[in-house]
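Number 601 in numbering that gives the first Met the number 0 belongs to position 602 of the sequence shown; there are no gaps in the numbering.
From the three backbone atoms N, C-alpha and C, an ideal C-beta is built for every residue, glycine too.
See structure below.
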Amino acid sequence: MSALVGRTLNERYVLLRQIGAGGMGEVYRAHDRELDEIIALKIIRPELLSKPGVLERFRSEVKLARRVTHQNVARTFELGRDGEMTYCTMELLEGESLADRLAACTRLSIDEAATIGAALCDALAAAHGAGVIHRDIKPDNIMLTHQGRIVLSDFGIAAVPATQNDICGTAGYMAPEQALGEAPSPAADIYSLGVVLYEALSGNRAFTGSAFERIAQAQTTDELRPTGIDDPSLLEAVAAATSIEAARRPTSAELREVLAPRARPAKLTAAPHPLPVTDEAMPALLVRPEHSLRGAAPHLARGFREALIRRLGRLRRVRVVSRDEDPKLATVIELTARQDVIQVVIRGVDAAANLSLRFGAEHVQPSLDRALRMTAAMIDADAASSPPEAPLDPRALDLTWQARQVSYRNVQTVATAVELCERARALAPDDARILANLALCQVRCVFFAQAPPRGMLAAAAQHAFAARHLDPSVAEVHLACGHVELHRGSPVAAAMHFRAAITCAPHLAEAHEWLGRTLIEAGHVIDGMKRLDEAVAMDPSLGLAWWERGRALALDQRWDEVDEGLAALDAEGKVRGQRWGARIRLAAWRQPMDRRQLQSLQDEILAVSEGFERPLMLAVCELLLGVSDTRNELLARVNDPSVQSLRRRAFIGQIAMEGIAYVGDTATGLALLERCVGEGLFDLHWIDRCPLLASLRREPPFEVLRSIVAQRSEAIHDALFQEPQPEALELSRLAAHSPTLLV
């Protein structure tokens with residue numbers, strides 16, 4: 000066993016088992032504590048990194064590889080460092096390599112080879128479309144999973160040479176021009192794929208001998224044709240792909256056109272085999288959503304559950320999961336709150352326990368301790384590895400939890416939440432948790448209140464950064480700082496704070512929600528959706544997370560999924576009277592526009608006298624429906640100097656822009672876009688996908704403005720998934736410093 004097994008890197012990745020080793024370094028099966036996923040983690044040999052320029056090339060390659068998101072491409076996540084150790088995290092693929100398959104059966108049938116080839120053509124089309132060349136396609140880097148996926152792996156890391164002059168690739172598979180050191184091109188990947196297809200169909204190596212001999216043979220062998228194949232079109236396709244002249248090779252689409260009719264995807268899966276029992280079988284804990292009976296305080300029940308999850312999450316060698324697992328694997332905890340008692344039922348694999356604990360703010364800490372000790376005893380964990388948090392005045396705790404409940408229950412009551420936090424601060428003026436929650440409620444007030452007090456955003460910033468100075472290990476501190484930065488127009492700093500909050504408390508649902516929302520807006524939809532799904536699994540009451548998810552699905556025109564989610568929310572009474580802006584967009588973005596739904600929304604808004612941005616919502620409905628020309632009303636709201644939050648300004652500007660662009664006022668629409676971009680807009684997904692902006696996209700200034708937003712999008716992703724800059728590392732390690740370093 001490697002000496003590194005059991006180690007945790009950057010308080011996130013637990014190394015479970017070494018699963019491979021090669022020229023680049025060792026590969027481990029690892030547990031990602033933030034997302035509760037099993038991943039592959041490659042630790043890069045330090046002697047490689049000691050060579051000049053290699054680390055920078057790793058960074059560049061990983062950054063490029065992250066752009067490729069396709070089912071036939073293994074995801075590359077991040078390049079990170081822990082002390083002197085540099086690692087890369089990747090999607091873990093369970094199955095067998097094509098090399099293993101060929102070793103077992105020598106050659107493949109035509110339909111099997113065509114199935115693999117067509118899938119790899121799709122992978123290369125996605126990669127080449129993102130500007131990424133693999134440069135090392137070979138059977139070892141092609142995985143056949145137990146689920147039937149055909150996956151091209153090792154983008155990025157496999158392609159980094161030890162020095163600038165070294166050649167990337169594997170002798171016998173690299174294209175002739177690649178072996179001569181010419182710049183890589185999509186045609187080089189097509190050549191490698193052609194060699195793989197030749198070997199799969201013929202059962203023979205294309206080139207043999209030493210590495211030098213294989214390279215020499217490739218330089219003089221033009222157009223490989225597998226023998227024993229009675230399929231002229233397929234033979235010609237393989238021959239063309241392995242042409243010495245790059246210009247004569249087909250594109251991935253042209254090669255796929257030949258392979259696809261011969262493919263039989265349902266027939267190809269990895270050979271089944273039982274997964275080995277390993278040392279990664281850590282106990283799993285699931286804490287179900289709390290149930291409050293009549294007379295119980297729901298804010299205390301919710302707060303108790305969150306505090307218990309946080310304590311359980313700190314137990315060594317224990318997983319706290321968000322979703323139901325096999326009951327044979329997980330210990331389930333159920334909480335039922337009554338007026339003065341909280342019932343804790345713990346159901347393990349072989350045993351169960353039932354605790355009746357005193358319920359009330361003054362009893363939270365001792366009740367948490369008892370629940371933790373009992374759970375730890377049932378799963379044979381060390382309760383001492385999760386010490387309690389610093390004590391807090393029970394009255395202040397009660398007020399803070401009340402404020403959170405009030406703030407998230409109804410946006411119209413955010414001012415009440417601020418008052419509750421102010422009362423808590425009077426009881427504990429120097430407690431980071433109180434200050435952080437005060438800042439969170441103040442930011443929500445700045446965004447949602449009709450007329451928030453002047454200077455409230457500045458006050459929120461003061462409280463958030465004061466809290467970070469007092470105790471940067473508190474997750475809500477970074478959550479508050481992230482919200483402040485988001486509303487001050489610094490999305491990179493915000494994303495880093497949300498990530499730091501997750502590092503402090505991996506099961507804080509709101510941190511996952513806001514990191515997910517930030518990523519989705521920045522155009523990193525797959526990563527963002529994963530975070531949102533995790534947030535909702537942790538806390539099903541996060542209704543706003545669904546609306547953000549629905550917005551992203553609507554922009555991608557995935558209306559079946561949108562409608563399914565809307566129906567579920569409507570059945571719970573969570574649609575009518577809520578989220579006018581989101582619902583207007585869901586109606587307006589459909590093709591064709593859902594005018595009946597827009598009319599219904601207009602009637603709904605007219606029927607009430609107040610609501611979030613009611614005049615704005617009514618004006619955009621009327622403009623989209625052609626009822627009246629409300630452009631002046633929209634522009635008046637856009638130009639209102641009383642709006643403190645840049646994020647709220649961007650929201651107002653985007654809503655107005657959609658209506659104005661829809662009616663053909665391109666000049667005003669572009670002026671609004673320029674203003675939003677100047678105020679920090681980073682919503683690349685909306686810019687690229689919103690159907691109402693079609694007229695703007697045809698204008699030259701649009702692309703200039705889009706490029707600025709795209710740069711912000713890349714900066715967010717780089718800050719989160721590249722090796723962070725020194726100040727970002729300090730933040731993620733929870734060291735207090737001036738926020739100006741992150742702007």
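Report the CB separation of residue i from residue j in whole angstroms; it is logged as a contact under 8 Å.
i, j, result
"Ile109", "Arg261", "6 Å"
"Met142", "Val150", "5 Å"
"Leu437", "Val445", "13 Å between Cβ atoms; not a contact."
"Ala743", "Gly193", "Outside the displayed range of the chain (0 to 742) lies residue 743, so it cannot be described from this structure."
"Arg316", "Met281", "5 Å"
"Gly454", "Leu683", "Rounded, the Cβ-Cβ distance is 32 Å, inconsistent with contact."
"Ala336", "Ala300", "4 Å"
"Ala743", "Ala199", "Residue coverage of the chain in this structure runs from 0 to 742, which leaves residue 743 outside it and unanswerable."
"Ser209", "Pro225", "No, Ser209 and Pro225 are not in contact; Cβ-Cβ is about 24 Å, not under 8 Å."
"Trp558", "Ala581", "No, Trp558 and Ala581 are not in contact; Cβ-Cβ is about 15 Å, not under 8 Å."
I'd like to check one pair, residue j with residue i: are the Cβ atoms closer than 8 Å?
i, j, result
"Leu645", "Gly679", "yes"
"Ala395", "Ser406", "no"
"Leu367", "Ile332", "no"
"His477", "Ala499", "yes"
"Cys440", "Val473", "no"
"Gln364", "Pro386", "no"
"Leu258", "Leu311", "no"
"Val67", "Ala124", "no"
"Trp588", "Cys675", "no"
"Glu90", "Ala39", "yes"
What would DSSP say about residue i, mapped onto helix, strand or coil?
i, result
"Leu179", "coil"
"Glu60", "helix"
"Gln342", "strand"
"Asp110", "helix"
"Phe76", "strand"
"Glu33", "coil"
"Ser321", "coil"
"Cys87", "strand"
"Ile707", "helix"
"His462", "helix"
"His496", "helix"
"Tyr172", "coil"
"Asn140", "helix"
"Ser694", "helix"
"Ser96", "strand"
"Ser355", "strand"
"Gly625", "coil"
"Gly227", "coil"
"Gln17", "strand"
"Leu3", "coil"
"Ala389", "coil"
"Arg28", "strand"
"Asp153", "coil"
"Glu509", "helix"
"Glu10", "coil"
"Thr330", "strand"
"His298", "helix"
"Leu597", "helix"
"Asp639", "coil"
"Asp381", "coil"
For residue i, collect the residues of the same chain with a Cβ closer than 6 Å to its Cβ; drop the 5 residues on either side in sequence, then sort them by chain order.
i, result
"Arg32", "Arg11 and Pro505"
"Asp717", "none"
"Asp657", "A small fix is needed here, since residue 657 is Glu in this sequence, not Asp. The answer, listed in chain order, is Leu691."
"Gly549", "Val561 and Gly564"
"Leu233", "none"
"Leu744", "Any answer about residue 744 is impossible in this case: the structure gives the chain only from 0 up to 742."
"Gly171", "Phe206 and Arg213"
Report all residues from its chain with a CB closer than 7 Å to the CB of residue i; omit the five preceding and five following residues, and keep chain order.
i, result
"Val637", "Ile651, Gly652, Ala655 and Leu671"
"Asp35", "Arg318, Val320 and Ser321"
"Ser152", "Ala73, Leu92, Asn140 and Met142"
"Ala122", "His69, Asn71, Val72 and Leu151"
"His272", "With a pLDDT of only 49 at His272, under the threshold of 50, the placement of this residue in the model should not be trusted; the figure read from the coordinates follows. Correct list: empty, nothing qualifies."
"Ala448", "Val413 and Ala414"
So, at 8 Å on beta carbons, what are the nonlocal neighbours of residue i in its own chain, with the 5 sequence-adjacent residues on each side left out?
i, result
"Leu48", "Leu54, Phe57 and Thr85"
"Ala20", "Val26"
Complete runs of the alpha helix (DSSP H) confined to the region 513-586 [at least 4 residues]: If we require 4 residues or more, the alpha helix (DSSP H) runs fully inside the region 513-586 come out as 524-537, 542-554 and 558-570.
Unbroken stretches of the alpha helix (DSSP H), 4 residues or longer, contained in the region 419-454: 431-447
Contiguous alpha helix (DSSP H) assignments of at least 4 residues, all confined to the region 651-695: Entirely contained in the region 651-695, the alpha helix (DSSP H) runs reaching 4 residues are, in chain order, 665-677 and 683-688.
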